[in-house]
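What follows is a set of notes on a single structure, which appears directly below.
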Amino acid sequence: MPENLHATAAWRISIWTTLAFALGTAVAFSIVYFLVAQGLRERSDTWLSGEADVLAQVSADTPRDHLYQRIVREVAELATQEVPDERNARGERLNSVFFLATDPNNSEGPLWVGPSSEDAFVTTIQRSKLVPGAPQSITVEGLRETFRVVVKAQNGRTVYLGLSDRGAKRMLHRLARRFLMVWGGMFLLGFLISYWSARRTLLRVERITETVARIGTEDLEERLPEPVNSDEISRLAKTFNRMLDRLQSSVNQLRTVTGGIAHDLKSPVTLIRGTLESALCNEGNEKWRDSVGEAVEELDRLLQLLNTTLDLAEAEAGALHMDRGPVDFSDVVRQLVDIYHPAMAERHHEVTSDLEAHVVVDADLLLLNRVVSNLFENELTHLPMGCRVSIRLHLHEGSAELLIEDNGPGFPPDIGSRAFERFVKGKHSPGHGLGLAFVDAVVQAHGGVARISDRAGGGAVITLLLPVSVLQAA
Amino acid sequence: MRLLVVEDDISIQQFLKRALTEAGYLVDAASTAKAGETMALEGIHDAFIIDLGLPDLDGLDLIARCRSQGSSVPVLILSARRSVDERVKGLEQGGDDYLTKPFALPELLARLRNLLRRSAVPHNESVRLQAADLQLDLVRREARRGDHLLQLTPQEFALLEYLCRNEGRVVTRTMILDHVWKMRIDPATNVVDVHIYRLRSKVDHEAQRPLIHTIRGVGYVLKYA
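Chains as they are written, first to last, in my numbering: chain A, 4 to 477; chain B, 827 to 1051.
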C-alpha cells in the first residue's frame, strides 16, 4: 500500500468513475421517479373524475326525500373503499377521500362524507373558487397532505369529490428510500470495483517503475518481465527492455573502451615508472636524481588524470563497479580530517569539525573515501592562506548531510553552478577540473545529491546528501 | 624464495623478473595461462604473481584451476583495471592480494613480503622496535631517540612505527595511507608529505644524523645513513 492513498492514480481514477456512475444513476432515477409520480396522478385523476360523475349522477337522480342523504352517503362511502392504502397498519381508516354535495335549494344543508374536520374542508373549498371539470389541487389548513378535487355541477347541485395524495406520496417515498439504499450499495460496490481494477492495473506500472529504478542504479543485466498479452502496460515493459538493451550495450562498449585504454596505456607507463624507480632506489648518481624524481612525479600526475577521466566516464554512464555495503560515514570523514588536518594547518587554515557519530550510509567504501578526499583536496588547492574551514556531518531528514564551509573567495562567478561539470575550473586553479565532477557523478550513482552554494558573508559551501542505510533507519 | 610470474606483456615480465631478482628472489616467468599452470603445479614456488589479462585464460580462472588442484601458494594479482571487481576483493579476504597497474616497486615488494610472511609460520610480535638510536615501545606507545623521549601524537607514532617496521625499505605515499590510515586514496596534494615533515621535525630535530629520508618520486625510507 502506498503511504499516501490520496496521492495515487488508482484513487483518483476510482473517485472520478464512481462520481460519474453515481451521477448517471441519480439522473436515471430522477426520470423514473418523475414518470411514476405522473402516472400515479393520472391514475388517481381518472378515478376521481369517474367516481365524481357517478356520484353527481346519483345525487341528481335521487329524489329529495328523507332517504336522499342516506343513499348518497352510502354510495360515497362505497366509493371511498375502492381507494388502496385507505387503512393503516392498525386497520384504522385514514380518511383519504372526502365527498361534499351542496344544494342551495335544499334546506338540510351540505352533505359531507369524510374526515371529521368538515369545517376546515368546506372553508378551503369555498375559498379556492374551484371550477367544474378537471381535477385541481387544494391544501387544507391543519393537514399536511394535499387533495385532488373534482367539481361536478348538475341540476343546480354541486358535488365535490377529493382524494388525498397520501397513498401516492407514500409509494413514491418508499420508491425513493429503496433507491437510496440500492444507490448507496452500488456507490460503494462501484467504488471498490473500480479502485480494485485501477489498482491492479497500476500496480503493474508501479512494479515497472520499481524495477527500472533498481536497474538504473544497480544492475543493467536485469529485465522487466514481459507478459504474453500485449496491452499498453506490456508494451511499456517491452519498450523499457529494448531501451535497457541499448543502454547496456553502450555501457559495455564504454567499459571495453576504457578498459582497453587503461590497459594499453598502463603497461608502458608501468614499465617506464618501474625503470625510473629502480634507478632512484639505487645509491649514487646524485646528478640526475632530481630530474628522474620529477619525471616520476609527472608520470604519477598523468596517471591520476587518466584514471580520474576514465572513472568519471564510467561514473557518468552509470557503469561504475560499485560494491555497496553499510559504511560508517562519520568514520570516513573523521579519518580524512585526521589525514588532511596537518596539510591544512600548514596553510594556516583553521579547521573545525562537528561530526555526528555513526551516520551509516549504503556506499562503496573506496569511492566514498575518494569523494570526501577530493573535497578536502579541493579546499587545500583553492583556498588562500589562513582561511576557516568548517566540516559538519549530521543526519537530516533521512539523509546524511556533509557540509564543508569556508570563508575563502568562493567559486568564481563565471563557474557558479557549472562547478560539477568536467574540466570546469577557475582560471588560476592548479587542478584539472575533474575532482568535483567525479564527486558529483559518484554521489549521484549512490542516489545522493551534491550542491555548491555561496556562503553568507563570503566563501563557499559544498553540501553532500547521501541516503542513509536501512541499518541506520532501523 | 622462488616466485612464478605469469604476465603476457613481455617487457613487463622482463622488468618484473629483473626487479625481483635484484630484490633477492629466484624468478620463473610464463607468458600464457597454460604455461603458467604447468609451472605452478610443479609445486616449487613460494608465491605467484599473476596478471589478470592473459591471452588464453582470465587470471582469476587460472588461480581457481591451481586451487582446485590443491595448490595453496599465495597469489599476488596484477590488474590494469582501475576498479577491482568483487571476485578479486573476495580473493583478498582469502589471504591473497592484488595490485593495480601501474604500481610502485616498493609497494609490490612490500605486498609480496606480506604474502610470504602470512604463509609462513606466524612469529611472535615484538613489543619493541629499534632502528639505530631510535626505540619504539609498542605497548606504552612511546618513542625515544637516544635518551630523549619524543612527544608524538598517536598518528605520528603509527606513522613512525610503520617506517620503522620497514627500516631500510622505501615506502610510498600510497602505502603509508593504506597502512597507517587504512585509506586507499591517491591524493594530488602534499598531505602525506606534511605528516612526514612534522614527524621528521620531531625525530631528526637536533640529531646528528637524520633517520627519515625522502626518495624523490618514490617515497620515504627510514635508515641510518
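Positions of the beta carbon are idealized from the N, C-alpha and C atoms, including for glycine.
When C-beta distances to chain B are compared with 8 Å, every residue of the stretch 192-225 of chain A stays at or above that value. From the listed residues V363(A), V464(A), E317(A) and R350(A), the smallest Cα separation to Q447(A) is found for E317(A). Residue pairing for R151(A): DSSP places it in a beta bridge opposite S140(A) and L166(A). With contacts defined as CB atoms closer than 8 Å, D854(B) and L880(B) fail to qualify as a contacting pair. Residues of the same chain with a CB within less than 7 Å of the CB of A463(A), apart from the 5 flanking positions on each side, are D409, G411, G413, F414, I455 and D457 in chain order. Under the three-pair Cβ rule at 8 Å, the stretch 272-284 of chain A does not count as touching the stretch 390-405 of chain A.
Within the stretch 276-354 of chain A, complete alpha helix (DSSP H) segments of at least 4 residues are found at 289-319 and 332-349, given in chain order. Chain-ordered, the chain B residues with CB closer than 8 Å to the CB of C284(A) read L931, P932, V996, I1041 and V1044. For A104(A), the uninterrupted beta strand (DSSP E) run begins and ends at V100 to T105, by DSSP. Between Y1050(B) and A936(B), the C-beta spacing is not below 8 Å. For G461(A), the CB contacts under 7 Å within the same chain, skipping 5 residues up- and downstream, are N410 and G413 in chain order. Contact between the stretch 977-984 of chain B and the stretch 993-1002 of chain B is absent, with fewer than three C-beta pairs closer than 8 Å.
For the C-beta of T1015(B), the chain A residues within less than 9 Å are, from N- to C-terminus, Y343, A346, F379, E380, L383 and T384. Q981: these are the residues of the stretch 974-994 of chain B whose beta carbon lies less than 7 Å from some beta carbon of chain A, given in chain order. Under the Cβ criterion of 8 Å, V295(A) is counted among the residues facing chain B.
The contact set of P881(B) on chain A, defined by CB atoms closer than 9 Å, is empty, because the minimum CB distance reaches about 12 Å. Assignment of W1007(B) by DSSP, reduced to helix, strand and coil, places it in the coil class. Contact between the stretch 380-392 of chain A and the stretch 1025-1037 of chain B is not established, with fewer than three Cβ pairs separated by less than 8 Å.
Using a 10 angstroms sphere on the CB of Q956(B), the tally of other CB atoms stays under 16, which defines it as exposed. At a cut-off of 8 Å between beta carbons, A845(B) contacts chain A. Contact check for V295(A) against V471(A) fails: the beta carbons are separated by 8 Å or more.
Residue state for V185(A) is assigned as helix, using DSSP reduced to three classes.
Annotated as distal: L223(A) and F243(A), with beta-carbon spacing of 8 Å or more. Ranked by Cα distance from E121(A), the options L469(A), L146(A) and S47(A) are led by L146(A).
Annotated three-state conformation of A1014(B) is coil, per DSSP. Secondary structure at T926(B): strand, using DSSP grouped into helix, strand and coil. G328(A) and H1031(B) have their C-alpha atoms roughly 45 Å apart. With the rule of 3 Cβ pairs closer than 8 Å, the stretch 153-163 of chain A does not count as touching the stretch 176-188 of chain A. Neighbourhood of N255(A) in chain B, by CB distance below 8 Å: empty, with the nearest CB roughly 14 Å away.
Taking 8 Å as the CB threshold, V452(A) stays off the interface with chain B.
Counting other Cβ atoms within 10 Å of its Cβ, V832(B) reaches 16 or more and is therefore classed as buried. Following the DSSP letters along the chain, one finds E993(B) in no beta strand (DSSP E), marked with neither H nor E. Under a criterion of Cβ atoms nearer than 8 Å, the residues of chain A adjacent to M1009(B) are, in order, Q338, L339, I342, N372 and S376. For D887(B), there are no C-beta contacts with chain A under 8 Å, since the nearest C-beta of that chain is about 17 Å from it. The beta-carbon of K1028(B) is placed no less than 8 Å from the nearest beta-carbon of chain A. Taking every protein chain shown into account, the CB of M347(A) has 16 or more other CB atoms within 10 angstroms, so this residue is buried.
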